[in-house]
Every structure is written in C-alpha cells, then in structure tokens.
Amino acid sequence: MAKQRESNLFTLSFLDVMSCGFGAVILLYVIILQYNQDFESSDTVSKPQANSEQISILEQKLKRLLALEESEAERLNRIALDDQKKITSIELAEIRVKNLIAENEEKKLKLQEVQKRVSTGASKQGFLEDQELEQVTALKATMNQAGGFKEVLTGMRLGGSHILILLDSSSSMLAEDLVNIIRRRNMVKQEKILSPKWQRGIAFVEWIMEKIPEEAKYQVVLFNEKANYVLPDTARTWLDGSDGEIREKIQTSLKGIAPAGGTSLYQAFSVLSSLSPMPDNIYLLIDSLPTMNKNIPKDYTVSSQDRREYFKKSVSSLPKKVPPINIILFPMEADPYAPIEYWELADKTGGSFIQPQKDWPR
Numbered sequence: 305m306a307k308q309r310e311s312n313l314f315t316l317s318f319l320d321v322m323s324c325g326f327g328a329v330i331l332l333y334v335i336i337l338q339y340n341q342d343f344e345s346s347d348t349v350s351k352p353q354a355n356s357e358q359i360s361i362l363e364q365k366l367k368r369l370l371a372l373e374e375s376e377a378e379r380l381n382r383i384a385l386d387d388q389k390k391i392t393s394i395e396l397a398e399i400r401v402k403n404l405i406a407e408n409e410e411k412k413l414k415l416q417e418v419q420k421r422v423s424t425g426a427s428k429q430g431f432l433e434d435q436e437l438e439q440v441t442a443l444k445a446t447m448n449q450a451g452g453f454k455e456v457l458t459g460m461r462l463g464g465s466h467i468l469i470l471l472d473s474s475s476s477m478l479a480e481d482l483v484n485i486i487r488r489r490n491m492v493k494q495e496k497i498l499s500p501k502w503q504r505g506i507a508f509v510e511w512i513m514e515k516i517p518e519e520a521k522y523q524v525v526l527f528n529e530k531a532n533y534v535l536p537d538t539a540r541t542w543l544d545g546s547d548g549e550i551r552e553k554i555q556t557s558l559k560g561i562a563p564a565g566g567t568s569l570y571q572a573f574s575v576l577s578s579l580s581p582m583p584d585n586i587y588l589l590i591d592s593l594p595t596m597n598k599n600i601p602k603d604y605t606v607s608s609q610d611r612r613e614y615f616k617k618s619v620s621s622l623p624k625k626v627p628p629i630n631i632i633l634f635p636m637e638a639d640p641y642a643p644i645e646y647w648e649l650a651d652k653t654g655g656s657f658i659q660p661q662k663d664w665p666r
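So for the sequence shown, this note's numbering puts the first residue at 305; every next one is plus one.
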C-alpha cells in the first residue's frame, strides 16, 4: 500500500510539472505570435508614411533644382543682354570717336586760321587785322551815320542804333589760369575787384561806351549764373548815348563788383528778348565756354565736351534774326575750343572776333 501511494504521488507530480511546462510553452508561443502580428502591423503602417515623406523630400529637391535652373537661365540672359549692350556702346563710341576726329580736324584747320589771323595782326592794340582794304574803305564811308558804323578800328566794328554790351562776371574773370582763379576766389572782395583780368574787362566796357554815337542807345549787362543789369533801375530799357551822367554811374557801379560764380551764356542771351526794340549790335566780352546751361548744376565739374554742349544749347536759344555778335575774348588756360567756337559765332552772325593783348585798352 505504501509503495502504491508513493507511485501515485510521483505520477501526479510529474503530470503537474508537464502540465505547467506545456502551459508555459503555449503561453510563450502565444506571446511570440502576438508580437509578430504587432510588428508586421506596425511595419505595414510605417512604410507608406516613410514613402510619403521621401516623395515630399524629393519634390522639394526637384523644386529647388528647377528654381536654380531658372535663376541660372535668367543670369545667363542678363549677361547676354549686358554683353550686347556693351557691344552696342562700343560701336556707338567708335562712331562718336570717328565723328570727333573728323570734327577736330575741321576745328584744327579753323584754329590754325584764327591763330594765323592773330599772329599776323599788326595792330598796336593787338586786335585781329585781316580786313580787306576795299572793305575798310567802304566802312569808313559810312562813319558817323545814324544807325551805321561809328568807327572801324583794327578789325573791330563799333556802332549801331541799339547796342548791348554783355560782360562776363564769373569767377574765371579773376585770372587766366585755374590755379590763380582758385587762389583769388578765396581773397577778400576788394582784392577780387582789383584782379588785372577783371579790370581789363571793365576797361573794355568803358572804352566801348566812349565810342558809342550820341544818337545811339545802349545797355550794359553782367552775367555769371544769372544776367543782371549794371544799373538795376534801368532794367529792360535803353540808355541814351549822350547821357554822360548815366555813363559815370555805370563806371562807378562796375568798380564795386567782384567776379563770382559759374558762366551761363544762356542767361546772357536771354536778355535780348527782354529789350524792346531788340539790339542791332552786341558786344560779348568773355573768356571761356560756359560752365552751365540755364540752371545752376549740382556739380561744377564739367568736361571740355560738356562746355561745348552748353555753348551749342546757348547759341540755339538765340532768336531767329540774330544781330551781329562781336566777340572780345580773354583766353583762359585749359579751354582750347573757346577761340574756335566764338570765332564761328561771330562769323555766322556777321560780327567780329578779337583777342586783345594784355596791354589793351589800357
């Protein structure tokens, strides 16, 4: 009985162990199976998301590449346009250079003619004296006639019934070269007034006034950046050539004026239309081509070409019927085209051109 009971206990214990082990195996299997299902489900869900993100990244990269390609294409187009503009500019510059060369050759010939006339002048006063003998004889026959020529002196014609005298009063009238102009510009007013070049200009005005016929009328105007009558209370009116008191007032007023500012020939010529009747003879006392046109520029640094353009614009502002313009030029350093341009202006209008020596008219 005792052996049989021990055998039963052993059998039951063995069955319990086997049952527990089998149960553990089944539980482990169930856990592994569930894990595999969850993993597969998670993998199935994450793959579309990963693919979508990759597609989005690729699309963004593609857009960036397209944008870069468009930007590069635009840059290349701009470069091509710039190159074309440069080529066109070079071609235009070549044309301008050719035109300037041709123009300069023509101007050079005219300058040589002017220099020849200056160098051959035998006048004591240094005026240009290239008049034909027959012309001088004919002009002398008309002396002292009303409205005609009062005097013919070494190539300069004096006379007219309404005479306008235009005197340049810009800073350049302080001296004959840029260094001394700058130096004198910083001096006190009285020293500016006493500048030899400016005093020569005043002396010429006085000399012309002395030669004006008594029956004629005249007016004196200063110009720099603006045009101003020497006697403001006589603006837009003509003065009697026989009025000695008015002449003295003009002389006194001129002695108190100092040159200053830029040169606007446009403003000088604008005076013509303000007088009635218009002048029939003009005396322009000047030393260089204008440094500005109608308005005061922001920058006074102008090239020689700029000055020639200002001159042409000023001349184009003259009325259709231009009276003779007699040029008295006080040549200034670094303005080589001034004699040519002013000589042409005098020639086209029927006036005279003179380039006096330093000792004249004093």
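No residue lacks a Cβ here, since even glycine has one placed at the ideal position from N, Cα and C.
Taking the beta carbon of residue i as the centre, do at least 16 other beta carbons fall within 10 Å, making it buried, or is it exposed?
{"i": "V534", "result": "buried"}
{"i": "K496", "result": "buried"}
{"i": "E645", "result": "buried"}
{"i": "A631", "result": "According to the sequence displayed, residue 631 carries Ile and not Ala. Buried."}
{"i": "A406", "result": "exposed"}
{"i": "K625", "result": "exposed"}
{"i": "G560", "result": "exposed"}
{"i": "K521", "result": "buried"}
{"i": "L588", "result": "buried"}
{"i": "V349", "result": "Residue confidence for V349 is low, a pLDDT of 46 falling below 50, so the modelled location carries little weight; the figure read from the coordinates is stated next. V349 should be labelled exposed."}
{"i": "D591", "result": "buried"}
{"i": "L468", "result": "buried"}
{"i": "E401", "result": "According to the sequence shown, residue 401 is Val rather than Glu. Label assigned to V401: exposed."}
{"i": "V509", "result": "buried"}
In three-state terms, what does DSSP make of residue i?
{"i": "K521", "result": "strand"}
{"i": "Y587", "result": "strand"}
{"i": "N381", "result": "helix"}
{"i": "D651", "result": "helix"}
{"i": "I658", "result": "strand"}
{"i": "M596", "result": "strand"}
{"i": "I554", "result": "helix"}
{"i": "N490", "result": "coil"}
{"i": "S577", "result": "helix"}
{"i": "N528", "result": "coil"}
{"i": "L366", "result": "helix"}
{"i": "D688", "result": "This structure cannot speak to residue 688, because the chain is shown only from 305 to 666."}
{"i": "I632", "result": "strand"}
{"i": "S620", "result": "helix"}
{"i": "L468", "result": "strand"}
{"i": "S474", "result": "coil"}
{"i": "D544", "result": "strand"}
{"i": "S360", "result": "helix"}
{"i": "L535", "result": "coil"}
{"i": "G707", "result": "Here the chain covers residues 305 to 666 and nothing more, so residue 707 does not appear."}
{"i": "S568", "result": "strand"}
{"i": "W664", "result": "coil"}
{"i": "I561", "result": "coil"}
{"i": "P640", "result": "coil"}
{"i": "I512", "result": "helix"}
{"i": "T392", "result": "helix"}
Please report how far the alpha carbon of residue i lies from the alpha carbon of residue j, in whole angstroms.
{"i": "D584", "j": "L543", "result": "14 Å"}
{"i": "E613", "j": "P594", "result": "9 Å"}
{"i": "L462", "j": "E480", "result": "26 Å"}
{"i": "A371", "j": "S360", "result": "16 Å"}
{"i": "K428", "j": "S656", "result": "Note that K428 scores a pLDDT of 36, beneath 50, so its modelled location is shaky and nothing firm can be said."}
{"i": "R540", "j": "R487", "result": "36 Å"}
{"i": "M636", "j": "E376", "result": "55 Å"}
{"i": "R504", "j": "E410", "result": "32 Å"}
{"i": "A638", "j": "T392", "result": "32 Å"}
{"i": "M477", "j": "W502", "result": "5 Å"}
{"i": "L380", "j": "E395", "result": "22 Å"}
{"i": "R551", "j": "M513", "result": "7 Å"}
{"i": "S574", "j": "E398", "result": "36 Å"}
{"i": "R611", "j": "M596", "result": "7 Å"}
{"i": "I330", "j": "E363", "result": "50 Å"}
{"i": "E374", "j": "Q388", "result": "21 Å"}
{"i": "A642", "j": "N599", "result": "21 Å"}
{"i": "L385", "j": "E378", "result": "10 Å"}
{"i": "K617", "j": "K662", "result": "30 Å"}
Going by C-alpha distance, which of the options is nearest residue i?
{"i": "T567", "options": "A539, G560, Q523 and F615", "result": "F615"}
{"i": "P517", "options": "S465, S473 and K367", "result": "S465"}
{"i": "K553", "options": "S356, A638 and T538", "result": "T538"}
{"i": "Y570", "options": "P536, N532, T556 and S580", "result": "N532"}
{"i": "A507", "options": "I330, I336 and W664", "result": "W664"}
{"i": "P628", "options": "M596, D472, L649 and Q609", "result": "L649"}
{"i": "P660", "options": "S578, L633 and P640", "result": "L633"}
{"i": "N490", "options": "A562, G548 and E514", "result": "A562"}
{"i": "E529", "options": "S475, L576 and P623", "result": "S475"}
{"i": "S546", "options": "Q358, Y641 and K515", "result": "K515"}
{"i": "T653", "options": "Q523, I586 and K367", "result": "I586"}
{"i": "P601", "options": "P623, G565 and S577", "result": "G565"}
{"i": "N484", "options": "S473, R382, S499 and E549", "result": "S499"}
{"i": "L470", "options": "L576, Q609, I335 and I658", "result": "L576"}
TODO: Evaluate contact between the stretch 597-611 and the stretch 489-509, counting only Cβ atoms and requiring at least three cross-stretch pairs below 8 Å.
DONE: no
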